[in-house]
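When you line the sequence shown up against numbering that gives the first Met the number 0, it's residues 0 to 293, in that order.
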Amino acid sequence: MPKESDIIVAKSAGFCPGVRKAIDQVLALEASGKRPVYTLGPLIHNKQVTQMLEEKQIHSIDTPDQAIDKRGVLVIRAHGITPDFQKEIEAYGMPVVDATCPLVKHAQNIIAKFAVQDYLTVIVGDAKHAEVIGLMGYTQGRCHVVSSLEEARALPHFDKVNVVSQTTQKESVFYEIAEEIEKHADVCQISNTICQPTKDRQKETMEEAKNADLVIVVGGKHSANTARLALLCKGLCPHVQHVETEEELDEKLATSAKKIFITAGASTPSWVIDSVVFRVKTLRDRANRKIVYH
Ligand code: SF4
């Protein structure tokens, strides 16, 4: 067992401002007695938070007609929705609270601005992700979604194209794909809509992963941004473990690694991160290891 080691907890770990704002909004609605609260889709991709919200009568539904109690409130989650769906839910007759992250709104506005100028939109991201589905609604029905260079190479020629990104995309991947799309167009507008909290989190993760023997990424297995963090570290660090809770930790790795970097996705609550840190610390206590908080 090594004699010395550090555990570094990312300063960027945990809720991003958009997720925090959305959660604060639904909790404030619930506290003010505006119950039940219905979010259109899970507010965030994290089982522990979803359970906590369910206990507070904050339920996830897909469409307004699934709201059992029509005296409740409908909430648009941080990922945003299409303008058509927004009109539909506003016409439904229940109060609507819009918790779309301002940085997703920024991406929606950029798409809408160029779409009315006859630009076709290419979104770099995951076509099945809720945010991307929402973004597609602002393209006036003229868009492609690509997630790899191969898909970009297969695109046709465009007169005018606006290339945007899912807000949680890896920046180098976005620019690599955007450069390829530029070759397919007479006029190419490149709009980097990756949000600053994502850029900061990815930058810190890649810098620290290079110096670690083990990176522990904490967050939901269905959270795209958490999974992307784990992917970013592969190749930079010998061992990467993506865990939802402290129970999934690989004890052998957690005790034998000399340097451990712990990070977490934008939808991971602080109490889950703290439990993982505590468990790692407990496992290593006998060797009197030092925890350094950035
Ligand atoms: S990841 Fe970025 S865009 Fe998405 S909710 Fe968080 S701050 Fe907003």
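We put the CB at the ideal spot given by N, CA and C, even for glycine.
Less than 9 angstroms between the C-beta atoms of residue i and residue j, yes or no?
{"i": "residue 224", "j": "residue 167", "result": "yes"}
{"i": "residue 76", "j": "residue 21", "result": "yes"}
{"i": "residue 132", "j": "residue 81", "result": "yes"}
{"i": "residue 169", "j": "residue 201", "result": "yes"}
{"i": "residue 264", "j": "residue 226", "result": "yes"}
{"i": "residue 229", "j": "residue 239", "result": "yes"}
{"i": "residue 271", "j": "residue 218", "result": "yes"}
{"i": "residue 181", "j": "residue 193", "result": "no"}
{"i": "residue 315", "j": "residue 110", "result": "Lying outside 0 to 293, the shown extent of the chain, residue 315 is not represented and no answer is given."}
{"i": "residue 152", "j": "residue 114", "result": "no"}
{"i": "residue 128", "j": "residue 99", "result": "no"}
{"i": "residue 160", "j": "residue 187", "result": "yes"}
{"i": "residue 279", "j": "residue 248", "result": "yes"}
{"i": "residue 120", "j": "residue 143", "result": "yes"}
Rounded to whole angstroms, what is the Cα-Cα separation between residue i and residue j?
{"i": "residue 243", "j": "residue 47", "result": "9 angstroms"}
{"i": "residue 207", "j": "residue 8", "result": "10 angstroms"}
{"i": "residue 36", "j": "residue 43", "result": "15 angstroms"}
{"i": "residue 282", "j": "residue 250", "result": "7 angstroms"}
{"i": "residue 65", "j": "residue 90", "result": "15 angstroms"}
{"i": "residue 158", "j": "residue 134", "result": "21 angstroms"}
{"i": "residue 237", "j": "residue 70", "result": "53 angstroms"}
{"i": "residue 209", "j": "residue 273", "result": "23 angstroms"}
{"i": "residue 3", "j": "residue 10", "result": "Note that residue 3 scores a pLDDT of 44, beneath 50, so its modelled location is shaky; the value from the coordinates is reported in the next line. Cα-Cα distance, rounded: 22 angstroms."}
{"i": "residue 72", "j": "residue 103", "result": "22 angstroms"}
{"i": "residue 1", "j": "residue 258", "result": "At residue 1, the pLDDT of 46 sits below 50, so the modelled position is not reliable and the matter cannot be decided from this model."}
{"i": "residue 216", "j": "residue 197", "result": "15 angstroms"}
{"i": "residue 183", "j": "residue 118", "result": "13 angstroms"}
{"i": "residue 13", "j": "residue 268", "result": "6 angstroms"}
{"i": "residue 245", "j": "residue 275", "result": "4 angstroms"}
{"i": "residue 195", "j": "residue 154", "result": "28 angstroms"}
{"i": "residue 5", "j": "residue 277", "result": "14 angstroms"}
{"i": "residue 213", "j": "residue 50", "result": "29 angstroms"}
{"i": "residue 67", "j": "residue 32", "result": "17 angstroms"}
{"i": "residue 234", "j": "residue 185", "result": "37 angstroms"}
DSSP state of residue i, grouped into three classes?
{"i": "residue 119", "result": "strand"}
{"i": "residue 157", "result": "strand"}
{"i": "residue 174", "result": "helix"}
{"i": "residue 66", "result": "coil"}
{"i": "residue 201", "result": "helix"}
{"i": "residue 230", "result": "helix"}
{"i": "residue 109", "result": "helix"}
{"i": "residue 23", "result": "helix"}
{"i": "residue 272", "result": "helix"}
{"i": "residue 30", "result": "helix"}
{"i": "residue 260", "result": "strand"}
Can you find a heavy atom of the ligand SF4 that lies under 8 angstroms from the Cβ of residue i?
{"i": "residue 219", "result": "no"}
{"i": "residue 232", "result": "no"}
{"i": "residue 191", "result": "no"}
{"i": "residue 17", "result": "yes"}
{"i": "residue 236", "result": "no"}
{"i": "residue 102", "result": "yes"}
{"i": "residue 245", "result": "no"}
{"i": "residue 294", "result": "No answer is possible for residue 294: the residues shown for the chain start at 0 and end at 293."}
{"i": "residue 196", "result": "yes"}
{"i": "residue 262", "result": "no"}
{"i": "residue 12", "result": "no"}
{"i": "residue 166", "result": "yes"}
{"i": "residue 130", "result": "yes"}
Please check the pair residue i and residue j, which I expect to be a contact at CB under 8 angstroms, by giving their CB distance rounded to whole angstroms.
{"i": "residue 125", "j": "residue 147", "result": "That pair is no contact at about 11 angstroms."}
{"i": "residue 52", "j": "residue 25", "result": "7 angstroms"}
{"i": "residue 88", "j": "residue 39", "result": "7 angstroms"}
{"i": "residue 266", "j": "residue 74", "result": "Contact flag wrong, Cβ pair sits at about 16 angstroms."}
{"i": "residue 45", "j": "residue 222", "result": "7 angstroms"}
{"i": "residue 203", "j": "residue 165", "result": "Incorrect: roughly 20 angstroms between the Cβ atoms, too far for contact."}
Measuring only between beta-carbons, confirm whether residue i sits less than 9 angstroms from chain D.
{"i": "residue 72", "result": "In summary, chain D is missing from the structure at hand, where a single protein chain is found."}
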